[in-house]
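Participant:
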Amino acid sequence: QVLRERLDSWLQTRPSANDLVERGILGRRQRFVLASATLERSLTSRLRAEEAERSKIPAGNFVYTEKMHDLLSIMDCKVSQEEVMAAGKASACKAELEFPAPDVLEARLQEVAQKRSILERQIATAEDAWAAAAEDCRRASCSRNLPDAALNAGFILQDLDAHRESTETSLAEWFKELDALQRLLARKHCLARVVAMVEKTDAVREAVFAWGSANALPLSMLEELPELCAGLPPNSRAVGVKRLQFVVGPVRIALERELQQKLRETHRWPHDSAAAATMDLQVGPAEKQVIPLCADLQRVQSAALQVGELSPPTPTIAAKGNDEGVGVQEEAPWAAQALAWPLVERFRHHFWRLESELCRMDKPEWAFRYLVDLTSNHSEALQKWEFAAHAAGLESIGSS
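Going from the sequence shown to our numbering is simple: count from 1 and add 74.
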């Protein structure tokens, strides 16, 4: 919008050729010539100054005697004649001044010489850089890029003048039409996402209510819906979240029912030690289907969590006895809840009924021991079923 406003204002007050020259768009060749001459004079004066510096007489290497050092040190101290006549006081003044020794002077001279050589190299590098910059400026001024740019700018101005004379309008109307087209395209894209959201949720709902088996559920389509819902406008997103929440619940119930049915068909969940001794130890088809059903439940729970992130947060009133630092406990995995339900019912049957002989408050270790044995027995069964399910999956992949 800012660019269009500036373009319209510029078209109304188009600069003249003199203004373009002042702004540096036209007439750059003369400026480059002046800059090249100024740069050449600067480099020439710098070179002459360096030659004059090199032609100076270098410092000598004469070494003064110790007596001359004493006299010079006494002169620097500005001592009186009485102190000069005293040899002891003169030597004390010499020690106080700490006149540098010849080897120290030589070291300092060498250091200064090294710094001088470094500066000379830096000056030489700067000269090369200046020479390269001058050559680049000369080539740029001699090339056709700048004249061509100025010529193209002139052609654009001519086209704009011709458009204004023929239509008697500016380009602002064209920009308005482009904005309207862009809004229409965005609305079309949004409507397409809404239609896709409605069609896919209807397909999932029909598949759930026409329940046949877990294989008939379009779980991959259900996993695509949260991402599709996230791209909708706020109002449509709220409606899409409600549709997803309406679909996720029946999908979870259907999967949990089929999982419970398969667990009953195994006759091993809950574990019965007396019946397990007479049963075949091989893993049957029902056991192989337990793990895929658990995986499907987790896929549905992942989609439900994504839907929960899209829904607006609802304010809740915390209990008075709760601490402020305690966070909300996350829900356990749905597959774990479905697997634990028969085991919890068995535990309640043994230890929660008053008529049961195991329901004794003086023997809590019985319940703890039962839970430990229950966990160990069923964890081994789950590991076997998981291995069998992976093997069956690899065989199906190899056969396909």
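Backbone N, C-alpha and C define an ideal beta-carbon position, used for all residues, glycine too. Everything numeric in this text was worked out from a predicted model, so none of it was measured.
#1: Given this structure, state the Cα-to-Cα distance separating glutamate 157 from glutamate 140, to the nearest angstrom.
#2: Just to confirm before moving on: does the CB-CB distance between valine 315 and leucine 384 stay below 7 Å?
#3: Count the other CB atoms, across all protein chains shown, that sit within 10 Å of the CB of lysine 437; report buried if there are 16 or more and exposed otherwise.
#4: My understanding is that valine 321 touches threonine 275, with C-beta atoms under 8 Å, so please give their C-beta distance in whole angstroms.
#5: If I'm right that arginine 420 touches proline 344 with Cβ under 8 Å, what's the distance once you round it to whole angstroms?
#6: Between the Cα of phenylalanine 461 and the Cα atoms of Ile365, Pro407, Lys336, which residue gives the shortest distance?
#7: Do aspartate 370 and leucine 318 have their CB atoms nearer than 7 Å?
#8: May I have the straight-line CA-CA distance separating arginine 122 from arginine 103, to the nearest angstrom?
#9: With a floor of 4 residues, list each alpha helix (DSSP H) that falls wholly inside the segment 255-340, ordered by position along the chain.
#10: Quick check on the DSSP output: the alpha helix (DSSP H) that includes glycine 382 runs from which residue to which?
#11: Cβ atoms of glutamine 363 and lysine 336: under 7 Å apart, would you say?
#12: Please say whether phenylalanine 425 and lysine 433 have beta carbons closer to each other than 7 Å?
#13: State the CB to CB distance for the pair leucine 329 and valine 278, rounded to an integer number of angstroms; the pair is presumed to be in contact (CB under 8 Å).
#14: With distances taken from CA atoms, which of Ser116, Ala187, Ala109 is nearest arginine 128?
#15: Consult DSSP for arginine 427 and reduce its assignment to one of helix, strand or coil.
#16: Only counting the same chain, and skipping five residues up and downstream in sequence, which positions put a Cβ closer than 8 Å to that of tryptophan 415?
#17: When the Cα atoms are used, what is the spatial distance from alanine 304 to arginine 311?
#18: Assign threonine 390 to buried or exposed, taking buried as 16 or more other Cβ atoms, counted over all protein chains shown, within 10 Å of its Cβ.
#19: Classify cysteine 211 as helix, strand or coil using the three-state DSSP reduction.
#20: Looking at the structure shown, is histidine 345 part of a helix, part of a strand, or coil, going by DSSP?
#21: The alpha helix (DSSP H) spanning arginine 434 covers which residue range?
#22: On a CA-only basis, which of Ser240, Leu428, Ser376 is nearest alanine 409? Give me that one, please.
#23: Provide the residue span of the alpha helix (DSSP H) that contains valine 137, from first to last.
#24: Between leucine 77 and leucine 291, what straight-line distance do the alpha-carbon atoms span, to the nearest angstrom?
#25: Here's the rule: buried if 16 or more other CB atoms are within 10 angstroms of the residue's CB, otherwise exposed. What is glutamate 439?
#26: For a quick check, are the C-beta atoms of leucine 306 and arginine 261 less than 7 Å apart?
#27: What does the alpha-carbon distance come out to for the pair tyrosine 138 and glutamate 185?
#28: Out of curiosity, what's the CA-to-CA distance linking arginine 338 and glutamine 411?
#29: Pull up the CB-CB distance for isoleucine 197 and glutamate 96, whole angstroms please, since I reckon it's below 8 Å.
#30: Taking the alpha-carbon positions, what's the serine 116 to leucine 193 distance?
#31: Residue range of the alpha helix (DSSP H) that glutamate 405 falls in?
#32: Does the Cβ of arginine 182 have 16 or more other Cβ atoms within 10 Å, making it buried, or fewer, making it exposed?
#33: Under a Cβ-count criterion, where at least 16 other Cβ atoms within 10 Å of its own Cβ denotes burial, should leucine 445 be classed as buried or exposed?
#34: Which residues mark the beginning and the end of the alpha helix (DSSP H) in which serine 90 is found?
Facilitator: The answer reads as follows:
#1: Reliability fails at glutamate 157, whose pLDDT of 49 lies under 50, so the model's placement of it is uncertain and the value that follows must be treated cautiously. Using only the alpha carbons, I get a separation of about 19 Å.
#2: yes
#3: exposed
#4: 6 Å
#5: 5 Å
#6: Ile365
#7: no
#8: 29 Å
#9: 293-304, 308-340
#10: 359-384
#11: yes
#12: First, the amino acid is wrong: residue 433 is cysteine here, not lysine. Taking 7 Å as the Cβ cut-off, cysteine 433 and phenylalanine 425 qualify as a contacting pair.
#13: That belief does not hold up - the Cβ atoms of leucine 329 and valine 278 are roughly 13 Å apart, past 8 Å.
#14: Ala187
#15: coil
#16: Gln334
#17: 7 Å
#18: Confidence at threonine 390 is low in this model, with a pLDDT of 46, below 50, so the placement of that residue is unreliable and no value is reported for it.
#19: helix
#20: coil
#21: Here arginine 434 belongs to no alpha helix (DSSP H), and DSSP marks it neither H nor E.
#22: Ser376
#23: Element bounds for valine 137: n/a, residue is neither H nor E.
#24: 53 Å
#25: exposed
#26: no
#27: 21 Å
#28: 16 Å
#29: So it is not a contact: roughly 37 Å between Cβ atoms.
#30: 19 Å
#31: Counting along the chain, glutamate 405 falls outside any alpha helix (DSSP H), and DSSP gives it neither H nor E.
#32: exposed
#33: exposed
#34: That residue, serine 90, is in no alpha helix (DSSP H); it is neither H nor E in DSSP.
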